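S.K.: So the sequence shown is numbered by this note's numbering: it starts at 16 and just counts up by one.
Quick reminder that beta carbons are idealized off the backbone N, C-alpha and C, glycines included.
Computed from a predicted structure; not experimentally measured.
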Amino acid sequence: MALYMIGDVQGCDAALGRLLDEIAFSPSRDRIVLLGDLVNRGPVSLGVLHRLMALGDAAHCLLGNHDLHLLAVANGVRKLHKGDTVADILQSPQRDALLDWLRSRPLAWREHGVLMVHAGVLPQWSADQVLALAGEVEAVLRGDDWGAFMHQMYGNQPNQWHDELQGADRLRVIVNALTRLRYCTPDGRMEFETKAGGAQDAPPGHLPWFDIPNRKTANDVVAFGHWSTLGWVNRPDILSLDTGCVWGGCLSAVRLGRGAQERELIQVRCEQARVPGARV
16 MALYMIGDVQ
26 GCDAALGRLL
36 DEIAFSPSRD
46 RIVLLGDLVN
56 RGPVSLGVLH
66 RLMALGDAAH
76 CLLGNHDLHL
86 LAVANGVRKL
96 HKGDTVADIL
106 QSPQRDALLD
116 WLRSRPLAWR
126 EHGVLMVHAG
136 VLPQWSADQV
146 LALAGEVEAV
156 LRGDDWGAFM
166 HQMYGNQPNQ
176 WHDELQGADR
186 LRVIVNALTR
196 LRYCTPDGRM
206 EFETKAGGAQ
216 DAPPGHLPWF
226 DIPNRKTAND
236 VVAFGHWSTL
246 GWVNRPDILS
256 LDTGCVWGGC
266 LSAVRLGRGA
276 QERELIQVRC
286 EQARVPGARV
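If you want it as structure tokens, here you go:
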């Protein structure tokens with residue numbers, strides 16, 4: 016059995032199909048973990064969901080910020096942005112089943128010694144704590160009142176984790192870290208104003224979350240997507256897998272071996288051109 020991690024697909028169903036062909040993926044033998052942003056910006060978001068749902072337990076799919084945006088739009092919390100490409104899902108006769116499947120996806124996963132998230136983890140969090148905190152949000156999204164939570168999910172405050180946080184504030188910090196984080200201060204204050212720079216473009220007093228000294232996951236391997244301008248990064252402690260498929264780059268997969276340091280990169284080109292007016 017082979018285990019593959021795949022970066023941000025964002026509705027690029029044709030590229031996903033080619034990548035699965037390239038790795039000779041067999042759902043009876045292999046498994047894939049997609050690192051979030053399954054939908055939006057690419058041309059066939061509906062096709063991506065249908066493809067992944069059909070794979071059953073052979074595909075584990077994390078939630079990213081674009082996936083949460085789709086759920087928010089479906090609940091009337093957000094309007095479609097220029098460049099959004101999720102109308103095919105919202106207008107599908109299977110809309111309810113598709114959204115129910117999506118909101119049942121996890122925000123964090125650990126396998127083969129790798130902690131997997133969409134965006135990042137705060138320096139105060141251990142790997143076990145990441146999984147536990149993700150589980151708090153997952154329980155709400157899978158519950159009957161998930162629509163009410165969507166109305167409370169957005170906002171940049173609080174911008175720092177405290178163990179005593181409760182209610183919507185607590186869940187918002189967890190969601191922001193796991194699905195939006197790029198830069199933070201050494202004490203874990205998140206920054207969301209800087210758009211789509213590289214690791215070297217951190218605002219004053221901030222660093223990429225994975226370069227914060229003494230972060231509690233420093234001895235773990237953390238795999239993530241979300242940061243297309245960062246691109247492919249392969250360090251002993253991190254794997255960055257958003258290589259800009261939806262922007263005309265590549266869709267990337269990493270095959271994990273018996274240990275977390277046994278890694279093979281597989282990529283396919285994506286012909287998808289940038290959508291005018293789209294947001295990262």
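Under 8 Å by Cβ, that's how I've got R197 and P223 pegged, so tell me the actual separation to the nearest angstrom.
M.R.: The residue given as residue 197 occupies position 182 in the sequence shown. The residue given as residue 223 occupies position 208 in the sequence shown. Yes, they are in contact, since the Cβ atoms of R197 and P223 sit about 7 Å apart, within 8 Å.
S.K.: Just mark H133 as buried or exposed, buried being the case when its beta carbon has 16 or more other beta carbons within 10 Å.
M.R.: Taking the sequence shown and counting its residues from 1, one reaches residue 133 at position 118. Classification of H133: buried, given that the 10 Å Cβ count is 16 or more.
S.K.: From which residue to which residue does the beta strand (DSSP E) around H65 run?
M.R.: Within the sequence shown, numbered from 1, the residue matching residue 65 stands at position 50. Segment 60-69 is the alpha helix (DSSP H) holding H65; no beta strand (DSSP E) there.
S.K.: Which two residues bound the contiguous alpha helix (DSSP H) that contains V152?
M.R.: What you label residue 152 is simply residue 137 of the sequence shown in a count that begins at 1. 142-156 is the span of the alpha helix (DSSP H), which, as asked, contains V152.
S.K.: Taking Cβ to Cβ, would you say V236 is nearer than 8 Å to V136?
M.R.: Position 221 of the sequence shown, counted from the first residue, corresponds to residue 236. Position 121 of the sequence shown, counted from the first residue, corresponds to residue 136. Not in contact: V236 and V136 (Cβ atoms no closer than 8 Å).
S.K.: Note down the Cα distance separating G98 from L70, rounded to an integer number of angstroms.
M.R.: Residue 98 sits at position 83 when you count from the first residue of the sequence shown. Residue 70 sits at position 55 when you count from the first residue of the sequence shown. Separation of G98 and L70 (C-alpha to C-alpha, rounded to the nearest whole angstrom) is 28 Å.
S.K.: So which of I253, K231, G26, R230 has the shortest CA-CA distance to V269?
M.R.: As a working note, residue 269 is residue 254 in the sequence shown. Per the Cα distances, I253.
S.K.: With DSSP as the reference, please indicate the residues paired to W124 in a beta bridge.
M.R.: As a first step, residue 124 is located in the sequence shown; it is residue number 109 there, counting from the start. Paired residue(s): M131.
S.K.: Could you compute how far the alpha carbon of E126 sits from the alpha carbon of C76?
M.R.: Translated into positions along the sequence shown, residue 126 becomes position 111. Translated into positions along the sequence shown, residue 76 becomes position 61. Approximately 13 Å, taken between the alpha carbons.
S.K.: Just grab the DSSP bridge partners of S267 for me.
M.R.: Reading the sequence shown from its first residue, position 252 is the one you call residue 267. Q282.
S.K.: Tell me which residue opens and which closes the beta strand (DSSP E) that M20 is part of.
M.R.: By 1-based counting over the sequence shown, the position of residue 20 is 5. From DSSP, the beta strand (DSSP E) with M20 extends over 18-21.
S.K.: Please state the DSSP three-state secondary structure of G292.
M.R.: As a first step, residue 292 is located in the sequence shown; it is residue number 277 there, counting from the start. The predicted model places G292 with a pLDDT of 38, which falls under 50 and marks its position as unreliable; any figure quoted below should be read in that light. Correct three-state label for G292: coil.
S.K.: Of the choices T200, R33, L53, whose alpha-carbon is the least far from that of R297?
M.R.: In the structure as shown, the chain starts at 16 and stops at 295, and residue 297 therefore has no counterpart that could be examined.
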